[in-house]
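Working notes, beginning with the structure itself.
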Amino acid sequence: MSGALSLSARRTPPGVFVALVLTLAIGWLIVTVDGGRLFSLPTTVSLLHVAAGLGLVAVGQTLVIVGGSLDLSVAYVVSLSTLVAAETMAGDDGALLPAIGLTLAVSATIGFVNGLLVTHARINPFIATVGVGLLLKGYLDNGYDGPAGKTAPALVQGLGYQRIGPVPMSFLLLLAVAAAAWFVLARTRFGHHLIAVGGDPEVARLSGVRGSRVLVTAHVLCALCAGLAGVYLASRLGAGAPRVGTEGLYDLESIAAVVLGGTALAGGRGGVVGTVGGVLLLASIDAIFNQLEVDVFFKQVIRGVIIIAAVAVYARRAMRKAS
Amino acid sequence: MRIARPLRLLKFRSGGLAPIIVILAVLLVLLTARQPDFLSPPSLMSFLGRSAPIILLAAGQYFVIVSGELDLSVGSLVTAQVVIAARLIDGDPSAGWPVVVLLLAFGIAVGLVNGLVTSRLRVPSFITTLGMFLILVGAVYLWSDGAPKGGLSEEFRRLGRSGFEDVPALGRIPYALVILLAAASLALVLTRSDFGRTLVAVGGNPRTAELSGVRVWRAKTMAFVLSGVAATLAAILIGGYSGVSFQAGVGLEFGAITAAVLGGVALGGGRGSVVGAMLGALTLETLFTLMNFYGVSGALKPTVQGAIILFAVAAASFRFPSR
Amino acid sequence: MTVLAVSTLLVLAGCSTDEPTTRASGSPSAGTGSGTGEQSKFFVRADYDKQLALLDTAPTGPAGKPWEQALNPAMVETKKFTKPGPYKICFSNAGLNNPWRQVGFKTMQAEVDTHRGRISEFVHVDAEGKDQKQIADINDLLGKGCHALIVSPNTTATLTPAVKAACQKGLPVIVFDRGVDTNCPVTFINPIGGYGFGHVAAEFVTQEMKRGGKVLALRILPGVDVLETRWSAAKIAFDKAGVDVVGVEFTDGDPARTKKIVNDYIQRYGTIDGVWMDAGAVAGAAVEAFEDAGKPVPPINGEDQLDFLKLWKDKKLTAIAPTYPTYQWRTPIIAALKILDGEQVPNPWKLPQPTITQDNLDEYVDPAMPPLHYAMCGCTDLPDYPRRWK
Amino acid sequence: MSGLPPSPLLALRGIGKSFLGVRVLDGVDLQVRPGDVHAVVGENGAGKSTLMKVVSGVYQPDEGTVEFAGAPRTFRSPREAQQAGIGIVYQELTLLPERTVAENVWLGHEPLRRGLVDRRAMLSHTAGLLASIGEGSLPPDTRVGRLGVAQQQVVEIVKALALDARLLIMDEPTAALADHEVDQLYALLRRLQEHGIGVLYVSHRLKEVFDLSGRITVLKDGRAVATLDTADTSADQLVRHMVGRELSNYYPDPAKPQELGPVRLTVRDGGNRKLRGIDLRLRAGEVLGVGGLQGSGRSALARALFGAAPFSTGQVTVDGAPVRLRSPRAAIRAGIAYVSEDRKGEGIVAEQSVLDNALLAGRAVRPGRVGRGARTARVRELLAAVELRAAGEDQEIRFLSGGNQQKVVLARWLALAPRILLFDEPTRGIDVGAKSAIHDLVRRLARDGAAVLMVSSELPELLGMSDRIIVMRDGRIAGELPAGATEEDVVALAVGTVGEAAG
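Protein chains in written order, with full-length UniProt numbering: chain A, 1 to 323; chain B, 1 to 323; chain C, 1 to 390; chain D, 1 to 503.
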């Protein structure tokens, strides 16, 4: 097994992609029997759009989870980002870049706060990020009565609706971000240290890794990804939406996607490639059920079952590998 | 015994009750400052009565958390139980007790599933119970297609709504409070029992527990069952207190977990006390009331709540470096 | 500490009652525990005046069928949409995530069944309350060869582009409940609206309660336009009457939380003399809170949900129930068929918005129906009533 | 030591350190010269590990100065110490099982090329280092989780070397090593000396101390009670300094024939993933020693007998009755107890009290409120009987020294009055004093009619304690030796120069 392979790629189990292919195959069959078309252009496009939104968040989530942390504030960060972006742009293409800059700055700051709370205040990430989420919720509830601001037309046409064949720009953005994250984990000191901290903070510390610095950075990156997702959604909705993040359940869904991708919730093991697979899996399930006009609530039940089942399968494998 | 004292000190500093008691005291002072008669028996009684459900949930959550797991499904379980009760009873007074039994059975069943999937299939409880959350919510909506059916009988509701009238000195003692005290003392006995202690060991170091003959899977499953039972009791009280609604259990899981952590129960297991968890819940309830009395705007409440929780947990989770 | 700081800050911010002229969103506008607080940023005086005027306008159209009536209708030509039946009608639904929408959708399905001969296929897509999903849904439906598209937008601003795109496809688009920021749809159907609701309720509470009494305003959520309008109208009414609104609280539609809040307020102020609600969901809980505290239930408003109506009747409350009628879910189907026949339809199609009062209460109380059923569904004459709604 | 000594590489002056008012180090002076191997010995709780952690920047001293390479330094973190050129090999392994050897070795100072981690360099450097200590066979890109304890120890050392440290701290480096591996370590240390690297060497194995070190500092109760030149010091002197008593009959007498009771345990043709064709009989009253190299199946045998990694084939009987040891619980019910080699990971619940730890097994296997008081009383007696030194039964066990933790673990098992005891490295990382206490205890248990199986990688212990010795090789029993066998016999069987050829 070559060094390059052993250092990174090997960490991402193909399992999720097998599941993905199977799901699509079976889904395609059922939908076709049902008289619909799963891979019709509009369906495929909207599938990839769903994946793009969730994916951006999930990639960030992967980083913190690999580091042994967690971010449950992403949903609110997403909502806030759509607003910051749309309101700063106010429909003016000129303000495009400053707006995106500001959005990322804001979300990075939130990530930084999360990081500090987790590392220096030593608050358990679960509580810390839920708490920060509440802070943001209050601000949003109090400040907004619904959509606000207006996204720059250029962004709407570009990131929001532009596509190459069936592949939307946004999905390409996701792939780019995912690739970057993969690269960071595999090829930078930060990445190696992050995985170490996730695996065993004490060991990392004794090896001279600045654990808290690494974790804070991870949280910042995670929030940045959520910010990007916000920018994308703003481009999609043409305005800022104070509820879009929570409506999309981006906090829990992103975590689900990450574990579906084979990343250990405890940290120290996993990767971005798997996460992208997990995201595509969730999006496909969505698309299939949508085509079948399955009752939303039934869909939710199925989702729950699938998530548990998938992770159970990983656990089985892990156990076999261990023994 | 030469170094006994400093170690006591450390014991009280880490995961002890002191911080939560202090925080609770501060909140109570603020509260009475604004509302002098808050501590008067009648109002105190009704306050304790209506706080009973979340305190019960926190107690249930303690067992799960101390065993090293997490139960995100309690909120949805409460909702499910209330809706189920309403549909089964449908205003029929005689149905009360049988239904209570049935609910308990259901709560135990859900706990069993959570526990077995987590301990036998090795699915991280975060995922298991997240999945269960989706399944329960989806299923209950599906079952009652979108709006709760039937209704709770006055007899059923009495448990959560009324109490022993004109008790000397105290006036009215809500049944909820009595149930709470009973459950609380039971929980306390349980934590002191062999099961309670081994459960802590399981959370602290599963390997050691296993090699000492503890059936880890069994202990953890028991913990989830207890959480399920607690959720059921809470559901009966909530349903009684405020009637049937899909909102009945929304967000309670986060409330319970926050409460436990606030009370010094360490997420990850092996440390904390059930009393702490329950005090944590009481503190949260006091906080809500405090905000009502100080007229914090509804929309801003989450912000204030988040800020205080972060502050409190940071204070409570303060620990000496152990190594 | 924090609490003190925040609350004082809010009290300061809270005293002004003049409406900001700009729709400058972003900076948090403070609601508050004392007084009615700032006017909602989304308050639009013109709409407000229009709705209040409509309240006492006589509807035109078949009597006893409010879902076919319209308030001072302005008819539009629809010849260009004329097509031979049977039709495939598509419906992009914002969501089914609350009882009101549940009842409404059942009513709509029933309405469709009454036209089985003419409607060959009825496609329904549920956006689960997600803007981005509904955008995708609409886009999806455009590929399915629908004869008419009905849209119930999840939010106004964000769905506008998608609806515009649909209009450009040349098929008749019918929007109801929430509107969109474009008039490309053939018609926009909805009842008088939130301002009317909030106003009626506020007026009632003001008149019925003792002079200078304390009013508690209970709201479901902040930041939902239809609910914001209800509150802002009520706010004006209360301010005009100089009513002392001691609190504006959000209940999240959670009865338990509602009871706790009301309980705290009763304790804090000794008594509450009037309760205003922006939605009926938790009216029952509020009433109970008074009972449990051993206080008389003050004048209160709810909505046309049966649990409240029953409570009202049994407990002989001083109450009123303005409605946001679910029968409006029938109208889009009717409209669609009219349009495809090339008949004229009103645009905007303003439906009457009846109010349930002591006098007509008995007409609407039906013990047989489930507690969260909406009495103003106009569905009693529809196929398999009441089974479908149970 | 003639001529001018070179200026010290490391000089500690009056180091003091307290935890929560407990004085752990008190005015410790110590000097290490370049190329010097300086041993630090002392009973557990004497402060050795704390001292090492002060030097390596994990802790900061309350008093005193650390001088490194002639300049006073204060290391606020291990990182700073490492950057200054101090490498440390910890007692408990500090490796990430999920990461590869190379990733572990370079953790914290990954080689960069154009700002990116240079994986090729990582792998080649690691391979080089491994080769330089004769472990070239170890592939740098395997997951550490797949390696045995001994190999992990090697990685641990390589990790320290990778920092090209000028001072190397080794805290019980041989704790996990079989003797032939220790020889490699010797060679390695000599090579380091030649490069002028100073070594601080903490060990309980006096043999090593005398073989390796130039000077010895003895710690006792946090004070440096003596610093000696190894050349003119005898083992007895040293031990006297350490424990303040002569080292008389280091090992208790073996069992006399009449003390041997009936056969307690038999295994016929036992096997599983790591073991093949295991046949053995264990009699009451005897101590059966199990020798062999790391990974030869010694620990696997103990774990199989305890049901932790059960036999998949073969029959086991206890007191003549066939039993199926499918799980630890089953084994415990059959009267078997097991003391793991990995105390921290498998022996204790660090954050629970001494009492809770001691009661754990009893509570788990014989729960119920009946006789709880009695059980607790019994455990209290046992804790006293093993001469536990602790602040009290409510003290969290993590604050106890290794020896005392082990005593609590023993008490836990004795409370169940087991008839068969399995010890895996019972004295690993435990100081001389506690060591002999535990040896006596083991022997006493045998006298009281228990059957004891003791795995040990320390030949003197193995030979000194056992009435019989079986030596494992490649998952089989390579041969059996009577009491009084020599180290050579054992090694011969272990490495396979004699005995039936391992298939």
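Ideal Cβ positions, reconstructed from N, Cα and C, are used throughout, including at glycine.
Beta carbon proximity, residue i to chain B, threshold 8 Å
i	result
PRO371/C	yes
ILE272/C	no
Residue i at chain A interface by Cβ criterion, 8 Å
i	result
THR94/D	yes
LEU107/D	yes
ILE20/B	no
LEU149/C	no
GLN258/D	no
GLU228/C	yes
LEU445/D	no
Beta-carbon proximity of residue i to residue j, cut-off 8 Å
i	j	result
SER273/B	LEU17/B	yes
LEU104/A	LEU224/A	yes
PHE63/B	LEU300/B	no
GLY68/A	PRO201/A	yes
LYS106/C	VAL123/C	no
GLU393/D	LEU355/D	yes
residue 519/D	VAL209/D	Since the first and last residues shown for chain D are 1 and 503, residue 519/D lies out of range.
GLY276/B	GLY268/B	no
THR313/D	GLY271/D	yes
CYS222/A	VAL21/A	no
Exposed unless 16 or more other CB atoms sit within 10 angstroms - verdict on residue i
i	result
HIS195/D	exposed
THR380/C	exposed
MET277/C	buried
ALA63/C	exposed
VAL103/C	buried
ALA287/A	buried
SER94/B	exposed
CA-to-CA distance, residue j to residue i, given in whole angstroms
i	j	result
LEU247/D	LYS435/D	Residue confidence is low: LEU247/D scores 44 on pLDDT, short of 50, so the model does not pin down where it sits. Its coordinate-derived value is still stated next. Taking the straight line from one Cα to the other gives about 12 Å.
ARG37/A	ALA281/B	51 Å
LEU28/B	ARG192/B	29 Å
ARG34/B	LEU116/B	48 Å
GLY294/C	ALA233/C	31 Å
ALA279/C	HIS193/A	53 Å
ILE174/C	LEU152/B	40 Å
TYR76/A	GLY133/A	6 Å
PHE224/B	LEU103/B	16 Å
LEU382/D	ALA361/D	14 Å
ASN183/C	THR229/C	21 Å
GLY111/A	THR129/B	26 Å
Contact with chain C by residue i, beta-carbon distance below 8 Å
i	result
ASP251/A	no
LYS220/B	no
Proximity test, residue i beta-carbon vs the ligand COA heavy atom, cut-off 7 Å
i	result
VAL224/C	Ligands displayed in this structure: none; no statement on the ligand COA is therefore possible.
Pairs of beta-carbons, one from the segment 345-363 of chain C and one from the segment 314-327 of chain C, closer than 8 Å: are there three or more?
yes
Is the segment 236-253 of chain B touching the segment 66-77 of chain B, taking contact as three or more C-beta pairs under 8 Å?
yes
Within 8 Å, do at least three Cβ pairs link the segment 209-221 of chain B to the segment 325-338 of chain D?
The segment 325-338 of chain D vs the segment 209-221 of chain B: in contact.
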